[in-house]
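Comments concern the structure below.
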Amino acid sequence: MTQGASNSASKSATNGAANVGASSRRDMIVVEDLHKHFGGFHAVDGASLAIKEGSITGLIGPNGAGKTTLFNVIAGVLKPTSGRVFMAGEEITGLPPHDLFHRGLLRTFQIAHEFSSMTVRENLMMVPGGQSGETLLNAWFAPARIRAEERALAQKADEVLDFLTIDHLADEKAGNLSGGQKKLLELGRTMMVDARVVFLDEVGAGVNRTLLNTIGDAIIRLNKERGYTFCVIEHDMDFIARLCDPVICMAEGKVLAQGTIDEIKNNEQVIEAYLGTGLKNKVVADA
Ligand SMILES: Nc1ncnc2c1ncn2[C@@H]1O[C@H](COP(=O)(O)OP(=O)(O)OP(=O)(O)O)[C@@H](O)[C@H]1O
Ligand SMILES: [Mg+2]
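Residue numbers for the sequence shown follow the working numbering, so the first one is 1380 and each next one is one higher.
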C-alpha cells in the first residue's frame, strides 16, 4: 500500500535536542484527511498530518479541538468515519489496538488506567501479551516455564522502574500512587514491550513540576537511547517547548498549523483559535 501525504508535515528546526535532523527522516505515522463524526458532530474534521520517525512531536489545541479523538482513531480505539492512517508506510486504518500494540504502536490515556489493587511491579508485568501462564493447560503442565517467564518479567519491570526513578515504589499498591506517579507508571507500561511510536495524552496533567521534569527526562531518554518516536498532547506550553519539535496545533477537528514552538506561538491562526480560553492568554504572553 502506498503512502500519500508523506511530506505534508515536515517543517522542522533543531531546538529540541533529541530531534536534530528530524526533517530528513521518514514518516512513522501519516494521517490523511481523517474524519470522525459523532452523530452530526465532527470531532475530527479532515485532519492530515505526519509524525517523523525519531521525533517528539507535540499536539496542542484548545479544549475540544479533537486531539484525544484523533489519538483514539490512530490507536484503533475508535473507527474513523473516513480517512486513512499509515504506520511506516503500511496502512493501519481501523486495526484493533492489540494488533497495533504488536506493531509497537502504544498510547497512554488522558486519565491513567492502573489496576489499583495490584502493586506497581505487577501492573507492569501485566503488559506483555502471550505469556505461557495465561492458559490453564500451561499452568498445569509447564509450571517451570511460567516461573522463568515471571522472573524475567519481574526483572524487566524493575529495570523500567529504575529507569523512571521510581524503583522505591515497586511493591506499593498502584491505587496509592499520586497522580504524577500514575502517569509515570503509564509511561513505564510502554517500556515493557518494544515500542516504536508512543502517543501520550496529557501526561503532565495534574502533575507537580518535579515529577513533570522526571517524565520529560524519561521521554527524552527513551527518544535518544531507544529510538522511540513520540506524539505528545499537552496543554503545558513549557513542557511542549522543552520536548517537542515540531509542534502541531489543532482546532475544531482540523490541523491549523505546524512548526517550531516559536513559529506556533506567533501564528495568527493559533492565537485566534485560543481566543476566549485561558490558554490563549498564555500563548500570547509567552510569544
Ligand atoms: N464519544 C463521543 N461522543 C460525542 N462527542 C464526543 C465524543 N468524544 C468526544 N466528543 C466531542 O468531540 C470533541 C473533541 O473532543 P476531544 O476529547 O477529542 O478533544 P480534545 O482536543 O482532546 O480536548 P481536551 O484538550 O479538553 O482533552 C469535543 O467537543 C467532545 O465533546
Ligand atoms: Mg483530550
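Glycine included, C-beta positions come from ideal geometry on N, C-alpha and C. Given the structure is predicted, the values throughout are model-derived calculations rather than measurements.
Beta-carbon gap between residue i and residue j smaller than 9 Å
i, j, result
"residue 1578", "residue 1484", "yes"
"residue 1453", "residue 1410", "yes"
"residue 1441", "residue 1636", "no"
"residue 1601", "residue 1570", "yes"
"residue 1634", "residue 1623", "no"
"residue 1407", "residue 1466", "yes"
Residue i burial status per 10 Å Cβ neighbour count (16 or more: buried)
i, result
"residue 1573", "exposed"
"residue 1555", "exposed"
"residue 1550", "exposed"
"residue 1446", "buried"
"residue 1583", "buried"
"residue 1436", "buried"
"residue 1588", "exposed"
"residue 1560", "buried"
"residue 1380", "For residue 1380, the pLDDT reaches just 39, beneath the cut-off of 50, and the residue's location in the model is therefore unreliable, although a value from the coordinates is still provided. So residue 1380 counts as exposed."
Residue(s) in a DSSP beta bridge with residue i
i, result
"residue 1638", "1626"
"residue 1466", "1408, 1469"
"residue 1494", "The partner list for residue 1494 (beta bridge, DSSP) is empty, contrary to what the question assumes."
"residue 1429", "1409"
Contact test: residue i Cβ vs ligand 1 heavy atom, cutoff 8 Å
i, result
"residue 1565", "no"
"residue 1446", "yes"
"residue 1654", "no"
"residue 1459", "no"
"residue 1643", "no"
"residue 1441", "yes"
"residue 1419", "no"
"residue 1558", "no"
Ligand 2 heavy atom lying under 8 Å from the CB of residue i
i, result
"residue 1627", "no"
"residue 1580", "yes"
"residue 1612", "yes"
Inter-residue CB distance, residue i and residue j (contact presumed, cutoff 8 Å)
i, j, result
"residue 1444", "residue 1630", "5 Å"
"residue 1433", "residue 1608", "6 Å"
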